[in-house]
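There are 4 protein chains.
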Amino acid sequence: MKKYEYIRQAAYEANMQLPKLGLVLFTFGNVSAADRNEKVFAIKPSGVPYDQLSAEKMVIVDFDGNTIEGDLRPSSDTLTHAVLYKHFETIGGIAHTHSCYATAWAQSLRDIPVYGTTHADHTTYDIPCAAPMSDEMIKGNYEYETGFQIISALKEKNISYEEMEMILVGNHAPFTWGKTAEKAVYNSAVLENIAQMAFITESIKADALRLKDALIKKHYERKHGKDSYYGQG
Amino acid sequence: MKKYEYIRQAAYEANMQLPKLGLVLFTFGNVSAADRNEKVFAIKPSGVPYDQLSAEKMVIVDFDGNTIEGDLRPSSDTLTHAVLYKHFETIGGIAHTHSCYATAWAQSLRDIPVYGTTHADHTTYDIPCAAPMSDEMIKGNYEYETGFQIISALKEKNISYEEMEMILVGNHAPFTWGKTAEKAVYNSAVLENIAQMAFITESIKADALRLKDALIKKHYERKHGKDSYYGQG
Amino acid sequence: MKKYEYIRQAAYEANMQLPKLGLVLFTFGNVSAADRNEKVFAIKPSGVPYDQLSAEKMVIVDFDGNTIEGDLRPSSDTLTHAVLYKHFETIGGIAHTHSCYATAWAQSLRDIPVYGTTHADHTTYDIPCAAPMSDEMIKGNYEYETGFQIISALKEKNISYEEMEMILVGNHAPFTWGKTAEKAVYNSAVLENIAQMAFITESIKADALRLKDALIKKHYERKHGKDSYYGQG
Amino acid sequence: MKKYEYIRQAAYEANMQLPKLGLVLFTFGNVSAADRNEKVFAIKPSGVPYDQLSAEKMVIVDFDGNTIEGDLRPSSDTLTHAVLYKHFETIGGIAHTHSCYATAWAQSLRDIPVYGTTHADHTTYDIPCAAPMSDEMIKGNYEYETGFQIISALKEKNISYEEMEMILVGNHAPFTWGKTAEKAVYNSAVLENIAQMAFITESIKADALRLKDALIKKHYERKHGKDSYYGQG
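Chains as they are written, first to last, in this note's numbering: chain A, 19 to 251; chain B, 19 to 251; chain C, 19 to 251; chain D, 19 to 251.
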């Protein structure tokens, strides 16, 4: 148990942020935290209410999706997490929610356009919506294929997982990731915020315009560029 | 009093969930819990604010709508509950709310299409909206007929009450049910969530598409099928 | 001070409900409670934040709008309250808010159609939106004329103030009233709820239909008719 | 430290109001408080979460944007604040948020029309949306130019900064100001409220009408005119 204490605790704390940030109803979400040296991650057990969670209840799973330690069954989305950890080689956390506005965009099968600097503060691209999966993929190893659908969507648009830490899975809901589980949850909250504002923007102005490139770049660079001056450096 | 203690307590606790989940304003909702062996149910007294409720105040009513025990008048919707308990032979709880988004769908007289996996996690069908009642039914035994309107709507669509635990009564509001009162309330919260996301989805994309059958089936089966792998089994 | 203690306390408690029910931002609302025998009412002092209110700070005003007792200036809407108390001879409380959805309907200059039973539970009529006031009325005794605009709007539609305890003042915001200040605030919350659901209903279905008369009447009668069976009688 | 204690405390308290009023997610906002005699202002440090703020952590900056005192890096928007303090000669506080509805209007590049008295209680003009900045301004001293873009937008419309204490920066988000930091935050909350109600108004009625001039003037004058009778004078 000692061995994975750190990622258990990180996964537990990150999972508990979901209801606090208003991103989940009941158990409709899960967060994991990875130990990349050990090639394992701690993930929420399936269907357990947030107020009954503890660090000890987190399940330890390897990057192929095998349970390594834990008495409970891991999240039903575990294989999606495993595939992403295996292919996104520097990430340390993944979050999945059915947050209201981001999920509505996923259900509409549309990318979220960059309509403002709140979006550009986090990425220079539209938030991609991965295409719905083929019947074959759905009937096959569904959660495993969901991971590959995410990877393919980024590849198609030629965006790296480090440039884009959030995605909508068409007809389903968002997945986000980051260096840590905490950052993955942060990205889920940011995505929900961007999704809500984009929805209202289009309601106010049907033909709202995508941000000009110079402004997108400026906002991204001042937060993330080599000469960034946001935060305490 | 001892005899019905269990269902009184279950009904009380389930009723108290409604304001906590943001599903009711003032007293606009009610939940009941049934004892199927005794053929009775405990239901919220009419018009009593949630903060003045107690298990003792729940009213015991039989499946024909006769009050068996209790000093207070039962919910004005009691006959609807009675009819449903009589005809839906395995349910143990019923919830009725005027939650905002589900009620707006009921007011629009539209079924809620399956737009995403959040919906498919719970049912493979669109959430039906029962047709408005005829003037004759309204002027007759209204609440009793409301129960039959719900039963007819499911029959017409050839859906069993076990496959579909939620319905919109056209022009009125949602009713949900389940094995227990707690599950009925859970279904009310899920329905409100689905209703809100479907509304936003259509606002984002006017011609949003219904989910493909393979995906609907996959999500339903992984939670409720014979080889389900959601939750702790 | 003793003399008006009861209405001071009633007005204070009713005013404090406004922020709890999410009906006001800062000081954008006011409630009054009348003593019809004394022909006076207690009303919120103007511009005082809710967390600094007390029963003692309520201002006592007569039905002609003269301050009878109190060190603070009464609400700037005081004359509207005075006119309504003078002409609506059985009411004991009035509430005015700028609650979000009701105000948006007022700003759109539209009556709120009866789209569902939540509405019909409270009134059989569409919620009227009083026409914007003439320049002459605005430049004259504005708040006084606002009261008459409300009275005229009901007269034009041939609805009594006892049948309709809520109104939208065009371009402005809602006013509600009732037998008590508590009931007036209750009506403000119900109106906001109805306004929000009507907005969503029209978004879901552009050509949503008004409720059929039989259903409107049924729901109103079961709550307020001579054979009503809602509540504890 | 003693010297700037007053503005540190004012800036700290005003910043802490932003999350309480629901105007910020994470660190997406900042407030400053000026000492006009000393020609300096205290501003939130960049990227520090609200629950880790204290008066001591506020950074003291002069009206040219030079840090005068403080160990932390000031908000990345500091130069915008500096420019506004330099040119708006009587203001004592500035607030910047990415609040949801106001930001959506900024993203839609539209002024917010005066649709009701809630708006007219605060200003007689539409809330201006400053045009998106040129690529040259963006690539130059961006935050500095943002301040000038605000100043230009008011100049173009011939509105003084004392008549209009709020503005939308196109594609970005709102800035507000006032005699004090507390008033600037108050204006941010009012703007968000106005923005939300204007959005709903247009959804209810596509061709909603701007308020008539007489009513705009009346509401503004009764709160802010020389014979105003709102508040305690």
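Using N, Cα and C, we set each Cβ at its ideal position, and we do this for glycine too.
query                                                                                                          : result
Cutoff 8 Å: N205 (chain C) Cβ touching any chain B Cβ                                                          : no
Simplified DSSP state of L233 (chain C), which is helix, strand or coil                                        : helix
Minimum Cβ-Cβ distance from A226 (chain B) to chain A less than 8 Å                                            : yes
Test: K215 (chain B) CB closer than 8 Å to a CB of chain A                                                     : According to the sequence shown, residue 215 (chain B) is Met rather than Lys. Yes, M215 (chain B) lies at the interface with chain A (some Cβ there is under 8 Å from its Cβ).
N- and C-terminal bounds of the alpha helix (DSSP H) containing H114 (chain A)                                 : Here H114 (chain A) belongs to no alpha helix (DSSP H); instead the beta strand (DSSP E) covers G111 to T115.
Nearest residue (CA-CA) to R228 (chain D), options D:V187, D:M34 and D:A138                                    : D:A138
Any chain C beta carbon closer than 8 Å to H114 (chain B)                                                      : no
Neighbour list for Q125 (chain A) in chain B, Cβ cutoff strictly below 7 Å                                     : Y133, G134, M215, T219 and A226
DSSP three-state assignment for F106 (chain C), whether helix, strand or coil                                  : coil
Backbone secondary structure at G243 (chain A) - three-state DSSP                                              : coil
Contact list for K173 (chain D) against chain C, beta-carbon separation under 9 Å                              : Within 9 Å Cβ-Cβ: nothing; K173 (chain D) doesn't reach chain C, min ~29 Å.
Entirely enclosed alpha helix (DSSP H) segments - the region 155-192 of chain A, minimum 4 residues            : 160-174
Residues of the region 169-198 of chain B with Cβ closer than 8 Å to any Cβ of chain E, in chain order         : The question asks about chain E, but that chain is absent: this structure's protein chains are A, B, C and D.
Rounded C-alpha distance that separates A224 (chain D) from S206 (chain C)                                     : 25 Å
Cα-Cα separation between M19 (chain C) and R128 (chain D), rounded to whole angstroms                          : In this predicted model, M19 (chain C) has a pLDDT of only 49, less than 50, meaning its place in the structure is not dependable; the value taken from the coordinates is given anyway. M19 (chain C) and R128 (chain D): Cα-Cα distance of roughly 52 Å.
For M151 (chain C) and T164 (chain C), the rounded distance between their alpha carbons                        : 8 Å
P37 (chain C), DSSP secondary structure in three states                                                        : helix
Any chain D beta carbon closer than 8 Å to I222 (chain A)                                                      : yes
Proximity test, Cβ basis, 8 Å: Y160 (chain D) and chain A                                                      : yes
Closer than 8 Å to chain B by CB, V49 (chain C)                                                                : no
Any chain D beta carbon closer than 8 Å to M19 (chain C)                                                       : The pLDDT assigned to M19 (chain C) is 49, lower than 50, so where the model puts this residue is not dependable; a value taken from the coordinates is nonetheless given after this. Not an interface residue.
Closer than 8 Å at the beta carbon, the chain C residues around K157 (chain B)                                 : A232 and K236
Terminal residues of the beta strand (DSSP E) in which I61 (chain C) lies                                      : V58 to I61
Cβ neighbours of E183 (chain D) in the same chain (closer than 7 Å, five flanking residues each side left out) : T194, W195, G196 and N205
Cβ-based burial, N252 (chain D) [other Cβ within 10 Å; buried from 16]                                         : Outside the shown range of chain D (19 to 251) lies residue 252 (chain D), about which nothing can therefore be said.
Pick from D:V132, D:A199 and D:H242 that is closest to T219 (chain D), judged by C-alpha positions             : D:V132
Beta-carbon gap between V79 (chain B) and V58 (chain B) smaller than 8 Å                                       : yes
Proximal residues, the region 74-107 of chain B versus chain C, C-beta separation under 8 Å                    : L90, R91 and S94
Buried or exposed (CB count within 10 angstroms, at least 16 for buried), G243 (chain D)                       : exposed
Chain-ordered neighbours of S64 (chain B) on chain C, where CB pairs are closer than 7 Å                       : Y248, G249 and Q250
Cα-Cα separation, S170 (chain B) to N84 (chain B)                                                              : 23 Å
Closer than 7 Å at the beta carbon, the chain C residues around R128 (chain B)                                 : I222 and K223
Contact the region 110-126 of chain C vs the region 27-40 of chain C: 3+ CB pairs below 8 Å                    : yes
Cβ-based burial, Q250 (chain D) [other Cβ within 10 Å; buried from 16]                                         : exposed
Sub-8 Å separation of T136 (chain C) and T121 (chain B) beta-carbons                                           : yes
P37 (chain A) at chain B interface by Cβ criterion, 8 Å                                                        : no
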